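**Q**
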Amino acid sequence: MHWPKGVDGLSYGGDYNPEQWPEETWDDDVMLMREAGVNLVSVGVFSWARLEPRPGEYDFGWLDTVLGKLHAGGIGVNLATPTASPPPWFTLAHPDALNTRPDGVRQVHGSRDTYDVCAPAYREASRAIAATLAERYADHPALAMWHVHNEYGSATYSAHAEQAFRLWLQAKYETIDALNDAWWGSFWSQHYSEWEQILAPRATQYLANPAHELDFKRFTSDAMLEHYKEQRDLLRAANPDVPITTNFVFGQWVPVDPWKWASEVDLVAFDSYPSAPDERAEQQSALHADLSRSWAGGGDWLLMEQAAASLHSHDGAIAKAPGRMARHSMIHISRGSKGAMFFQWRAGRGGAEQWHSALLPHAGKHTRMFREVAEFGNTLPGIAHTVADPVETDVAILWSPDSWWATAGKHLPAPVDYLENVAQIHRVLRDRGVIADFVAPEGDLSKYTTVIAPTTYVLSQAGAENLRWFTAGGGRLVASYLTGAVDENCQVWLDGYLGGMTDLFGIRVTEHLPQPAGEPRALWNFGAAERFCELVELRGAQCVTQYASGDVIENQPAVTVNPFGEGEAWYVSCKLVDEAWDRLFEELKLSGPGRPGLDVVDRGPWRFIINHTEKEEQVGNVIVPAGSWAVDKKR
Ligand code: GLA
Numbered sequence: 001m002h003w004p005k006g007v008d009g010l011s012y013g014g015d016y017n018p019e020q021w022p023e024e025t026w027d028d029d030v031m032l033m034r035e036a037g038v039n040l041v042s043v044g045v046f047s048w049a050r051l052e053p054r055p056g057e058y059d060f061g062w063l064d065t066v067l068g069k070l071h072a073g074g075i076g077v078n079l080a081t082p083t084a085s086p087p088p089w090f091t092l093a094h095p096d097a098l099n100t101r102p103d104g105v106r107q108v109h110g111s112r113d114t115y116d117v118c119a120p121a122y123r124e125a126s127r128a129i130a131a132t133l134a135e136r137y138a139d140h141p142a143l144a145m146w147h148v149h150n151e152y153g154s155a156t157y158s159a160h161a162e163q164a165f166r167l168w169l170q171a172k173y174e175t176i177d178a179l180n181d182a183w184w185g186s187f188w189s190q191h192y193s194e195w196e197q198i199l200a201p202r203a204t205q206y207l208a209n210p211a212h213e214l215d216f217k218r219f220t221s222d223a224m225l226e227h228y229k230e231q232r233d234l235l236r237a238a239n240p241d242v243p244i245t246t247n248f249v250f251g252q253w254v255p256v257d258p259w260k261w262a263s264e265v266d267l268v269a270f271d272s273y274p275s276a277p278d279e280r281a282e283q284q285s286a287l288h289a290d291l292s293r294s295w296a297g298g299g300d301w302l303l304m305e306q307a308a309a310s311l312h313s314h315d316g317a318i319a320k321a322p323g324r325m326a327r328h329s330m331i332h333i334s335r336g337s338k339g340a341m342f343f344q345w346r347a348g349r350g351g352a353e354q355w356h357s358a359l360l361p362h363a364g365k366h367t368r369m370f371r372e373v374a375e376f377g378n379t380l381p382g383i384a385h386t387v388a389d390p391v392e393t394d395v396a397i398l399w400s401p402d403s404w405w406a407t408a409g410k411h412l413p414a415p416v417d418y419l420e421n422v423a424q425i426h427r428v429l430r431d432r433g434v435i436a437d438f439v440a441p442e443g444d445l446s447k448y449t450t451v452i453a454p455t456t457y458v459l460s461q462a463g464a465e466n467l468r469w470f471t472a473g474g475g476r477l478v479a480s481y482l483t484g485a486v487d488e489n490c491q492v493w494l495d496g497y498l499g500g501m502t503d504l505f506g507i508r509v510t511e512h513l514p515q516p517a518g519e520p521r522a523l524w525n526f527g528a529a530e531r532f533c534e535l536v537e538l539r540g541a542q543c544v545t546q547y548a549s550g551d552v553i554e555n556q557p558a559v560t561v562n563p564f565g566e567g568e569a570w571y572v573s574c575k576l577v578d579e580a581w582d583r584l585f586e587e588l589k590l591s592g593p594g595r596p597g598l599d600v601v602d603r604g605p606w607r608f609i610i611n612h613t614e615k616e617e618q619v620g621n622v623i624v625p626a627g628s629w630a631v632d633k634k635r
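Residue numbers 1 to 635, in the UniProt record's numbering, belong to the letters of the sequence shown in order.
(1) Can you tell me whether Ala-203 is buried or exposed? The criterion is at least 16 other CB atoms within 10 Å of its CB, across all chains shown.
(2) With the cut-off set at 7 Å, would you say Ser-85 and Phe-46 are in Cβ contact?
(3) Out of Asp-266, Cys-543 and Phe-342, point me to the one whose CA is closest to Leu-235's CA.
(4) Quick check: is any heavy atom of the ligand GLA less than 6 Å from the C-beta of Asp-222?
(5) For Ala-326, which residues from the same chain have a beta carbon less than 6 Å from its beta carbon, with the 5 sequence-adjacent residues on both sides left out?
(6) Is the stretch 384 to 402 touching the stretch 601 to 616, taking contact as three or more C-beta pairs under 8 Å?
(7) Which stretch, first to last residue, makes up the beta strand (DSSP E) that contains Gln-546?
(8) Let's test the definition: count the other Cβ atoms within 10 Å of the Cβ of Asn-525 and tell me whether it reaches 16, buried, or not, exposed.
(9) What is the DSSP secondary structure of Glu-511, counted as helix, strand or coil?
(10) Would you say Thr-449 and Ile-507 are within 7 Å of each other, going by their C-beta atoms?
(11) Specify, as a first and last residue, the run of the beta strand (DSSP E) that Leu-169 falls within.
(12) Which two residues bound the contiguous alpha helix (DSSP H) that contains Ala-281?
(13) Residues in the same chain with beta-carbon distance under 6 Å from Leu-429, minus the five sequence neighbours each way, listed in chain order, please.
(14) Say the cut is 6 Å; is the CB of Asp-315 nearer than that to a heavy atom of the ligand GLA?
(15) Specify, as a first and last residue, the run of the beta strand (DSSP E) that Ser-337 falls within.
(16) Within a Cβ cutoff of 6 Å, which residues of the same chain sit near Asn-555, ignoring the five residues on either side of it in sequence?
(17) So who's on the other strand from Met-31, going by DSSP bridges?
(18) Rank Trp-89, Glu-124, Ser-126 and Glu-23 by C-alpha distance to the C-alpha of Val-108 and give the top, closest one.
(19) Under the three-state reduction of DSSP, which class applies to Asp-15: helix, strand or coil?
(20) Buried or exposed: which applies to Lys-615, given that a residue is buried once 16 or more other Cβ atoms fall within 10 Å of its Cβ?
(21) Determine the extent of the alpha helix (DSSP H) in which Trp-89 is found, giving its start and end residues.
(22) Is Asn-99 near the ligand GLA, judged by its Cβ being under 6 Å from some heavy atom?
(23) Just mark Pro-328 as buried or exposed, buried being the case when its beta carbon has 16 or more other beta carbons within 10 Å.
(24) Pick out whichever of His-332, Asp-241 and Trp-301 has its Cα sitting closest to the Cα of Gln-284.
(25) Report the option in Ala-200, Ala-464, Tyr-481 and Gly-76 whose CA atom is closest to the CA atom of Asp-139.
(26) Have a look at Pro-514, Asn-99, Gly-323 and Thr-471 and flag the residue whose alpha-carbon is nearest the alpha-carbon of Leu-504.
(27) For Asp-113, verify whether its CB is less than 6 Å away from any heavy atom of the ligand GLA.
(28) Which runs of the alpha helix (DSSP H) fall wholly inside the stretch 71 to 143 and span at least 4 residues, in chain order?
(29) Alpha carbons only, please: which of Gly-6, Ala-49 and Gln-20 is nearest the one belonging to Gly-74?
(30) Checking 7 Å against the spacing of the C-beta atoms, do Thr-114 and Leu-98 come in under that value?
(31) What is the rounded straight-line gap between the Cα of Ile-383 and the Cα of Asp-632?
(32) Going by DSSP, which residues form a beta bridge with Asn-247?
(33) Among the candidates Pro-381, Ser-357, Phe-219 and Gly-351, whose CA atom is the shortest distance from the CA of Trp-345?
(34) Could you tell me whether any non-hydrogen atom of the ligand GLA is closer than 6 Å to the CB of Glu-151?
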């Protein structure tokens, strides 16, 4: 059960907030949705205060009407539980259920996501509203899927969280001594003698304990997952035939481990908001899509949200050129999404997101945007048959939430941008036409011939054994600097780092030698390194290239390769520039049918071609106009 019930083909639509609009607009909405080819909408995402205006007093009239109209119009409903925005009456009655920031400030209502997943009152209220919705709508003919909550990610450092954290730690470590050992508690007098002394890692005077911080992230992911599962189980009990999902959001601040969560949802759903102002937005979209597919175990997933008209650059929105919305949607669909959904259907008239783009702009249907939306939506049924076969690849990149979280620490030898390092590998591979999956360090590597571990800073014993097993069995492992620098407790792997696998790589890393920013270090015949370099001692590995300059590192190995079992382990001891990775992938003969600006994805007999360039491109016999896309039989 992976697919919105009763929705055929690819899903197309978005968040629909009829409660923000007078009833007169609802028929118009359904009519325009039909015109635009919309077949699925997410309803009720933030509507708790309208569903339950006073404690225990419900108003379902508007929702009944809306669901009836949507059903009559043939549009499926992805019905949300509204728990991402508790109503004002709730937070006033239960101020302890508001979330607390790391600096100890308890937030107030007035925005959204002001909840504390560890607060008993919030948990109880969440179960109650989910159960009430389940009772009323579980068998509604419009119901295609349940959308639990929205974008889990709002962490809390409250007293409730602290209490739950201690229980989580007790279950994990059993004894306080084990925790002290794992956290290296003798440092700075952090040795605990009672569980009650352990706090949430709130604001403290200087650097915090990295193991404490990492465990708190893991705990928060588990606490949010419990909140999700409580609702899911209630919804499932009411009707086991309706799939249940929640939409993942992406960011280092998000304390959600998607590898752990993915098996708890019926359909992995992802919200993709590229932030790059330029062509890297396409790169980010492809990265999001490949991550989502991988979390879904290679199967179908769903792009639950994207913005129709603009990129969410850090400097504010940037308009998408005509056709770019369709190309972004096709990036996702070609890479496994069973549709393209958006935030939001109708642009808001008021409220904090009144300037967020939508499928139906403020100016209504007679707009360039709506024409584009409708044109694309009406194209999708014609290609629904092309997404039956899986996206296949034998190349994987490791994705380690622990490493992402732990490299946020300010105490590293030099700043590390984990996401950029992962994105860089993905970007260079994509430019070479290679589709990559992602896999957890402890995940199943058996179907891959090449596995790349970009700065996989946190490497557990199990992860290290997994990589060893993969390489011994004939795999080609490529790891970059700081991989296996620390174990799962953030304790340094002694005697050469590398997760203890100095024999696998045939080297020891003996020093970290960060270089001044803006002073690249050339490698012989191999591009250059920026910022981060390591000193490597050969212990059987072959040197592929050396640093051409730099104190201590000059003429020392920069890239190495070591045969191990049936396979080989490559090590890149620095942060390479893109051209150097490209050079390395050339050496490894990694290439595919795509090229820069041109996504080519093969699925069974079908070939998806997305041309992001400003000129016509030809792939095989297929000609794709500038800024356009095509799906054709592979020839
Ligand atoms: C998130 C949320 C939506 C909306 C969009 C705006 O993805 O889920 O409710 O706020 O961001 O981009």
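Backbone N, C-alpha and C fix where the C-beta goes; we use that ideal spot for every residue, glycine too. Small disclaimer: the values here were computed from a predicted structure and weren't measured.
**A** So, from the listed chains and residues:
(1) Taking the sequence shown and counting its residues from 1, one reaches residue 203 at position 203. So Ala-203 ends up on the exposed side.
(2) Within the sequence shown, numbered from 1, the residue matching residue 85 stands at position 85. Within the sequence shown, numbered from 1, the residue matching residue 46 stands at position 46. Contact flag set, yes.
(3) Along the sequence shown, one-based indexing puts residue 235 at 235. Residue Asp-266 is the option with its Cα nearest to Leu-235.
(4) Position 222 of the sequence shown, counted from the start, is the residue given in the question as residue 222. No, the ligand GLA has no heavy atom inside 6 Å of this Cβ.
(5) Reading the sequence shown from its first residue, position 326 is the one you call residue 326. Within the same chain, Ala-326 has close Cβ partners Phe-376.
(6) yes
(7) For the purposes of this step, residue 546 is taken as residue 546 along the sequence shown, with counting starting at 1. Here the beta strand (DSSP E) through Gln-546 covers 542 to 546.
(8) Position 525 of the sequence shown, counted from the start, is the residue given in the question as residue 525. Classification of Asn-525: exposed, given that the 10 Å Cβ count is below 16.
(9) The count along the sequence shown starts at 1 and reaches residue 511 at position 511. DSSP places Glu-511 in strand when its eight states are reduced to three.
(10) Counted from its first residue, the sequence shown places residue 449 at position 449. Counted from its first residue, the sequence shown places residue 507 at position 507. No, the pair does not count as a contact, with Cβ atoms beyond the cut-off.
(11) Working through the sequence shown from its first residue, we reach residue 169 at position 169. Premise fails: Leu-169 lies in the alpha helix (DSSP H), 159 to 173, not in any beta strand (DSSP E).
(12) Against the sequence shown, residue 281 aligns to sequence position 281. Run containing Ala-281: 280 to 295, per the alpha helix (DSSP H) assignment.
(13) Here residue 429 corresponds to residue number 429 of the sequence shown, with the count starting at 1. Only Ala-436 meet the Cβ criterion.
(14) As a position in the sequence shown, residue 315 is number 315, starting the count at 1. No.
(15) Mapped onto the sequence shown, residue 337 falls at position 337. Where Ser-337 is concerned, the enclosing beta strand (DSSP E) stretches over 337 to 342.
(16) What you label residue 555 is simply residue 555 of the sequence shown in a count that begins at 1. In chain order, Gln-546 place their CB closer than 6 Å to the CB of Asn-555, counting only its own chain and leaving out the 5 sequence neighbours on each side.
(17) If you number the sequence shown from 1, residue 31 lands on position 31. Answer by DSSP bridge pairing: none, since Met-31 is not bridged.
(18) Taking the sequence shown and counting its residues from 1, one reaches residue 108 at position 108. That would be Trp-89, whose Cα lies nearest to the Cα of Val-108.
(19) On the sequence shown, position 15 is the one that residue 15 refers to. Note: Asp-15 maps to strand in three-state DSSP.
(20) For the purposes of this step, residue 615 is identified with residue 615 of the sequence shown, where counting begins at 1. It is exposed - the Cβ of Lys-615 has fewer than 16 other Cβ atoms within 10 Å.
(21) By one-based count along the sequence shown, residue 89 stands at place 89. Its alpha helix (DSSP H) spans residues 88 to 93.
(22) On the sequence shown, position 99 is the one that residue 99 refers to. Answer for Asn-99: no, Cβ out of range of the ligand GLA.
(23) The sequence position of residue 328 within the sequence shown is 328, counting from 1. Per the sequence shown, residue 328 should be read as His rather than Pro. His-328 should be labelled buried.
(24) The residue labelled residue 284 in the question sits at position 284 within the sequence shown. Minimum Cα distance to Gln-284 is reached at His-332.
(25) Translated into the one-based positions of the sequence shown, residue 139 becomes position 139. The candidate whose alpha carbon is nearest that of Asp-139 is Gly-76.
(26) For the purposes of this step, residue 504 is identified with residue 504 of the sequence shown, where counting begins at 1. It is Thr-471 whose Cα lies nearest to the Cα of Leu-504.
(27) Position 113 of the sequence shown, counted from the start, is the residue given in the question as residue 113. Asp-113 Cβ: outside cutoff for every heavy atom of the ligand GLA.
(28) 88 to 93 and 120 to 137
(29) Taking the first residue of the sequence shown as position 1, residue 74 is located at position 74. The shortest C-alpha to C-alpha distance from Gly-74 to any of Gly-6, Ala-49 and Gln-20 is the one to Gly-6.
(30) By 1-based counting over the sequence shown, the position of residue 114 is 114. By 1-based counting over the sequence shown, the position of residue 98 is 98. The answer is yes: Cβ separation under 7 Å.
(31) Here residue 383 refers to the residue found at position 383 when the sequence shown is read from its first residue. Here residue 632 refers to the residue found at position 632 when the sequence shown is read from its first residue. Looking at the two C-alpha atoms, the distance is approximately 10 Å.
(32) Along the sequence shown, read from residue 1 onward, the residue named residue 247 stands at position 247. Answer is Ala-269.
(33) Indexing the sequence shown from 1 puts residue 345 at position 345. For Trp-345, the nearest C-alpha among the options comes from Ser-357.
(34) For the purposes of this step, residue 151 is identified with residue 151 of the sequence shown, where counting begins at 1. Yes, Cβ of Glu-151 sits closer than 6 Å to a heavy atom of the ligand GLA.
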